[in-house]
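Some notes on the structure that comes next.
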Amino acid sequence: MTQALDVHERISEFGGAKAASQSATAELTTSKTARFVFAFGISFAILYTLFEQMNWPLFTYHPAVGKLDFWMQRARSGEGPGMYWYGWLALAFPCAALVGWVSTLVSSKWLYRATIFCCVLAILWSAIFAILVLTDGRTSFDTDLVKSMGWWSAIPGLVGALVISYFVPLQLAQRLFTSWLLIMPIGGLIILGYSLKSFFLR
Amino acid sequence: MEFDFISVTTFWRILLFLHFVMAVALLAAVTLQLVAVLAPAPVAQPAGNFVDRIRAAPPRWYVAAIVILYVPTFLLGAWVYIKYRTYVRIPMEQTGHWWTVGSFEFKEHIVSMGMAMLPAYWYVWREPLSESFASLRKWLTIFLAVAVWYSFLVGHVANDFRGVGT
Numbered sequence: 055m056t057q058a059l060d061v062h063e064r065i066s067e068f069g070g071a072k073a074a075s076q077s078a079t080a081e082l083t084t085s086k087t088a089r090f091v092f093a094f095g096i097s098f099a100i101l102y103t104l105f106e107q108m109n110w111p112l113f114t115y116h117p118a119v120g121k122l123d124f125w126m127q128r129a130r131s132g133e134g135p136g137m138y139w140y141g142w143l144a145l146a147f148p149c150a151a152l153v154g155w156v157s158t159l160v161s162s163k164w165l166y167r168a169t170i171f172c173c174v175l176a177i178l179w180s181a182i183f184a185i186l187v188l189t190d191g192r193t194s195f196d197t198d199l200v201k202s203m204g205w206w207s208a209i210p211g212l213v214g215a216l217v218i219s220y221f222v223p224l225q226l227a228q229r230l231f232t233s234w235l236l237i238m239p240i241g242g243l244i245i246l247g248y249s250l251k252s253f254f255l256r
Numbered sequence: 116m117e118f119d120f121i122s123v124t125t126f127w128r129i130l131l132f133l134h135f136v137m138a139v140a141l142l143a144a145v146t147l148q149l150v151a152v153l154a155p156a157p158v159a160q161p162a163g164n165f166v167d168r169i170r171a172a173p174p175r176w177y178v179a180a181i182v183i184l185y186v187p188t189f190l191l192g193a194w195v196y197i198k199y200r201t202y203v204r205i206p207m208e209q210t211g212h213w214w215t216v217g218s219f220e221f222k223e224h225i226v227s228m229g230m231a232m233l234p235a236y237w238y239v240w241r242e243p244l245s246e247s248f249a250s251l252r253k254w255l256t257i258f259l260a261v262a263v264w265y266s267f268l269v270g271h272v273a274n275d276f277r278g279v280g281t
């Protein structure tokens, strides 16, 4: 009897989760606001991490002299340190807003597939790059090699993302859509945190 | 350099203090919401002590306060950050406080991610609450609470190094 109740409970829970997922999907299909806010959050996490890792700020601010330079500009002698954080934000926010706006224009099917593609690409690219760097001892002193590995690792990442986004069932892509909003920022923070290790290992 | 009626140092200290006050209010709001989300009081439970009343409060009450406080606290922090970069971080590096520098760098990232999550956070907490977003609502609330707590503690350590009252 207890077992029967347990099984019934589990089936109800499963049914409830499925119903909730379907309801979320319906809301995302109809509400442009929902699409925008989710696409904005997901894309910001990816873009901000990318811009920080590549050091692509829209501008560099030199606080000691109050100077602003377009794109990335190393600190010049006598001008104090350069600040890039504002530049990463200034690039990531409008780009994420643009992605959010585009997400309101495309069909649901395209939105889910494109989201899977971008998120899987971000994960695979980072993972392949991390494996290459950690397994090759030369990366500790050869920064040019690390840079080239960064670009080369994009190729298998791109192929993997294309294959997965093409073959993944649409229902699974729909169910995953809202989950990316947590997965991508946490993943981004892991990468960003790891890149700060030099501060903690001195 | 001095303004007409206030020294530059006092100006930055006022900004930092305002940032601190808003951060305390934000911290209170995210903590109360987190308690109400993670440990809600049973529906039939009568209002008891302070903790019971917090648990019984509907979590959505705090949403507007959190969004309204997060944005200006973030912007004010971004402004004060200019002073941190030149006046605080350089001496930190010179004296080898690398953990503090690294932790503060991570603060930049976590508050930025939190800022980008705010629109979705606001959306999933809109009335009427959608059952389909219940899990996401809970996790977004936890994420924001962690981001705010982390930032507050790290900011406080940086202030203790060189800031208001030091």
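Protein chains in written order, with our numbering: chain A, 55 to 256; chain L, 116 to 281. Idealized CB from N, CA, C, for every residue including glycine.
With distances taken between CB atoms, is the gap from residue i to residue j smaller than 9 Å?
i	j	result
Gly241(A)	Ile177(A)	yes
Thr158(A)	Tyr238(L)	no
Ile245(A)	Pro210(A)	no
Ala144(L)	Ile181(L)	yes
Leu212(A)	Val153(A)	no
Cys173(A)	Met108(A)	no
Gln148(L)	Tyr177(L)	yes
Ile170(A)	Ala227(A)	yes
Ala168(A)	Ser249(A)	no
Ala235(L)	Leu235(A)	yes
Tyr185(L)	Leu233(L)	yes
Lys222(L)	Gly270(L)	yes
Trp179(A)	Ala208(A)	yes
Tyr140(A)	Ala193(L)	yes
What are the boundary residues of the beta strand (DSSP E) that residue i is part of?
i	result
Tyr202(L)	Tyr202(L) -> no beta strand (DSSP E), and no H or E assigned at all.
Thr114(A)	Phe113 to His116
Could you give the C-beta distance for residue i and residue j, rounded to a whole number, given that I count them as a contact under 8 Å?
i	j	result
Arg267(L)	Ala138(L)	A small fix is needed here, since residue 267(L) is Phe in this sequence, not Arg. Phe267(L) to Ala138(L), Cβ: 5 Å. Contact.
Phe334(A)	Ala144(A)	Outside the modelled stretch of chain A, which goes from 55 to 256, sits residue 334(A), for which no answer is possible.
His212(L)	Phe276(L)	7 Å
Ala262(L)	Val226(L)	6 Å
Pro215(L)	Met228(L)	Sequence inspection shows Thr at residue 215(L); the Pro mentioned does not correspond to that position. Going by Cβ atoms, the distance from Thr215(L) to Met228(L) rounds to 21 Å, so no, they are not a contact pair.
What is the residue span of the alpha helix (DSSP H) that residue i lies within?
i	result
Tyr220(A)	Ala208 to Phe221
Phe253(A)	Lys251 to Phe254
Thr215(L)	Trp213 to Val239
Val272(L)	Ala249 to Phe276
Ala93(A)	Lys86 to Met108
Trp155(A)	Trp139 to Ser157
Trp176(L)	Neither: Trp176(L) is in no alpha helix (DSSP H) and is coded neither H nor E.
Gly247(A)	Trp234 to Tyr248
Ala171(L)	Phe165 to Ala171
Taking just the CA atoms, how far does residue j sit from residue i?
i	j	result
Leu82(A)	Pro117(A)	43 Å
Leu259(L)	His134(L)	17 Å
Leu153(L)	Asn164(L)	18 Å
Trp240(L)	Thr232(A)	14 Å
Tyr166(A)	Ile96(A)	12 Å
Arg89(A)	Val187(A)	36 Å
Ala231(L)	Phe219(L)	19 Å
Val195(L)	Val91(A)	28 Å
Met137(A)	Thr103(A)	16 Å
Leu130(L)	Phe254(A)	29 Å
Thr189(A)	Thr146(L)	42 Å
Trp110(A)	Pro223(A)	35 Å
Ser194(A)	Pro148(A)	35 Å
Glu67(A)	Leu244(L)	Bear in mind that the predicted position of Glu67(A) carries a pLDDT of just 46, short of 50, making it unreliable; the figure below should be weighed with that in mind. The alpha-carbon atoms of Glu67(A) and Leu244(L) are separated by roughly 19 Å.
Leu34(A)	Thr84(A)	Here chain A comprises residues numbered 55 to 256, so residue 34(A) is not present and cannot be evaluated.
Ala140(L)	Gly204(A)	42 Å
Arg200(L)	Ala184(A)	30 Å
Asp167(L)	Val156(A)	45 Å
Ala146(A)	Gly217(L)	22 Å
Phe189(L)	Gly191(A)	40 Å
Gly134(A)	Val119(A)	7 Å
Val123(L)	Lys198(L)	11 Å
Ala172(L)	Ala151(L)	6 Å
Ser250(L)	Pro187(L)	28 Å
Arg175(L)	Ile121(L)	41 Å
What three-state label does DSSP hand residue i in the structure shown?
i	result
Asp123(A)	strand
Ser202(A)	helix
Ser122(L)	strand
Arg229(A)	helix
Leu244(L)	coil
Ser194(A)	helix
Gly280(L)	coil
Ser162(A)	helix
Met55(A)	With a pLDDT of 41 at Met55(A), under the threshold of 50, the predicted position of this residue should be treated as unreliable, though the coordinate-derived value follows. Reduced to three states, the DSSP call for Met55(A) is coil.
Pro157(L)	coil
Glu133(A)	coil
Arg167(A)	helix
Arg128(A)	coil
Thr188(L)	helix
Thr210(L)	coil
Leu130(L)	helix
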